[in-house]
Amino acid sequence: MKKLLLASVAALAAGPALAQEGIKMGVILGFTGPIESLTPAMATGAEMAMEEVTESGGLLDGATVVPVRADSTCVDSAAATAAAERLITAEGIRGIMGADCSGVTGAVLANVAVPNGMVMISPSATSPALTDAEDNGLFFRTAPSDARQGEVLANVLMDKDISEVAVTYTNNDYGKGFADAFQAAFEGMGGTITLSASHEDGKADYTAEVGALASAGGDALVVLGYVDQGGAGVIQAALDTGAFDMFAFGDGMIGDALTDNFGSDIEGSVGTAPGSDNEGGAMFAEMASAAGIDGTSVYAGESYDAAALMLLAMQAAGSTVPTDYAGEIMDIANAPGEPILPGQLGMALEMIAAGEDVNYEGATGVELVEPGEAAGSYAEFVVEDGALSIVGYR
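Count along the sequence shown from 1, then add 9; that gives the number in the working numbering.
Structure, rendered in structure tokens:
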């Protein structure tokens, strides 16, 4: 059996102290910065899993779980690193749910998590470069790599007979990695990239960038940026100048802020974000609604799953020491075992304590492939009547 009965014996020894003090878990997300409109649902999603485990009373003989938030800013690696160091040294956390954006995630991993032997599970860092990061077996992600998303977005456009596009991407690890993956896939399908150019976040005016993209031409503008930052600025400049009226978006642009800002002005535009049509997704959406958030918000389900995986792995290891439970995460996430969906974490804890196998599927149909990242499926979005609608899954 993957989950040894020995784990429950260790849990009994540690249980009373943990129940009194609580297990602190870091939640490092960009509460400020270019995706700040997405992070409230992400944080709440993770904290829902922590609360569910606490209320079950089944973790390590009744331990409580205490979330501790910290701001990654999404873009400031120094700030994210300092926030993670504070969580470890001052708060004594036992795991990190996060970070979010790829650049800060890589910085926290290299500068804080690996030196301190801390487990990280990111719900949203998608840069292909993270696949090869030196992590000592401590880093996982419930979101798939953009190597896959680039291919999916290219397929969406080709299926709509859009074979010539310009591309703009945010000038960081996420944007560059996504743009490279998209370009390779799109050109491999016979498409043409008229121009692929980066943009900087935080500018007041993107007219010059849009002018260059418009001069290159294309049937659509692919925007691989952030919905609360430069990506939105590029769209506004494109609409103001009449350069483009058809857009394609990556996951960093998919959120209510997109249609709140542009609505029917971007009618017919398309996009992709991680998502799957599975039983757990519907269950999580219902639970999230009761918690006051939109369970379909991008990366909310992945955040719930990231927190749940760490806590179930602790139970399997009979320990909250990250280097002890890191090795259990892949087994918890994959077959064989009883499928575990949102709202069933208490049952999963009982099964693990009894030495039984579980296969955590969670809100997003979790399946982790080496070196510890989601295999990945994507929702296809279209802007219809001024709102984002899911029209299928790939």
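Positions of the beta carbon are idealized from the N, C-alpha and C atoms, including for glycine. Small disclaimer: the values here were computed from a predicted structure and weren't measured.
Asked: Per-residue DSSP class, three states only, for N368; Found: strand
Asked: Proximal residues to A322 (C-beta, below 7 Å), its chain only, five neighbours per side dropped; Found: Y334, E337, I338 and I341
Asked: CB of V219 within 8 Å of CB of T250, strictly; Found: yes
Asked: Distance CB(T179)-CB(Y215) smaller than 8 Å; Found: no
Asked: A152 burial status per 10 Å Cβ neighbour count (16 or more: buried); Found: buried
Asked: Cross-strand partners of V176 (DSSP beta bridge); Found: S205 and V231
Asked: Endpoints, the beta strand (DSSP E) within which K33 is located; Found: I32 to L38
Asked: D80 (DSSP reduced to helix, strand or coil); Found: strand
Asked: Three-state class that DSSP yields for V408 in the structure shown; Found: Residue coverage of the chain in this structure runs from 10 to 403, which leaves residue 408 outside it and unanswerable.
Asked: The region 38-47 touching the region 82-90, judged by at least three CB pairs closer than 8 Å; Found: yes
Asked: Expected contact under 8 Å - CB spacing of Q158 and T281 to nearest Å; Found: 6 Å
Asked: Residues sharing a beta bridge with M129, DSSP; Found: I105 and F148
Asked: Candidates V391, P348 and A317: closest to I130 by CA position; Found: A317
Asked: Exposure of D260, with buried meaning 16 or more beta-carbon neighbours within 10 Å; Found: buried
Asked: Distance between E365 and P76 (C-alpha atoms, nearest Å); Found: 28 Å
Asked: When K169, T114, L166 and N125 are compared against A142, the one with the closest alpha-carbon; Found: T114
Asked: Buried versus exposed, by CB contacts within 10 Å (16 or more), Y387; Found: buried
Asked: Local Cβ density within 10 Å of G381, reported as buried at 16 or more and exposed below that; Found: buried
Asked: Secondary structure, alpha helix (DSSP H): runs of 4+ residues fully inside the region 211-265; Found: 216-225 and 239-250
Asked: Strand pairing of S398, partner residues [DSSP]; Found: V391
Asked: V392 beta carbon less than 8 Å from that of E277; Found: Here residue 277 turns out to be Gly, not Glu, going by the sequence shown. It is a contact, given that the beta carbons lie within the stated cut-off.
Asked: Proximity below 8 Å, CB of A257 to CB of V279; Found: yes
Asked: Distance between E359 and A325 (C-alpha atoms, nearest Å); Found: 10 Å
Asked: Reference S65, options N368, A357, R403 and A315, closest by Cα; Found: A357
Asked: Sub-8 Å separation of Y313 and F293 beta-carbons; Found: yes
Asked: G67 versus K212: straight-line alpha-carbon distance, rounded; Found: 50 Å
Asked: Between the CA atoms of S154 and A138 - distance to the nearest angstrom; Found: 9 Å
Asked: I44 in three-state terms, based on DSSP; Found: coil
Asked: Chain-order list of residues whose beta-carbon lies under 6 Å from that of S405 (same chain, five-residue window excluded); Found: With the chain covering 10 to 403 only, the question about residue 405 has no answer from this structure.
Asked: Under the three-state DSSP convention, the category G280 falls into; Found: strand
Asked: Buried/exposed call for L21, threshold 16 Cβ in 10 Å; Found: Because L21 sits at a pLDDT of 35, beneath the cut-off of 50, its placement in the model cannot be relied upon, and the following sentence gives the value as read from the coordinates. With fewer than 16 other Cβ atoms within 10 Å, it is exposed.
Asked: Residue span of the alpha helix (DSSP H) that contains E379, given as start and end; Found: Careful: E379 lies outside any alpha helix (DSSP H) and carries neither H nor E.
Asked: Separation of V117 from S86, as counted between CA atoms; Found: 8 Å
Asked: Contact check, G272 vs G374, beta carbons under 8 Å; Found: no
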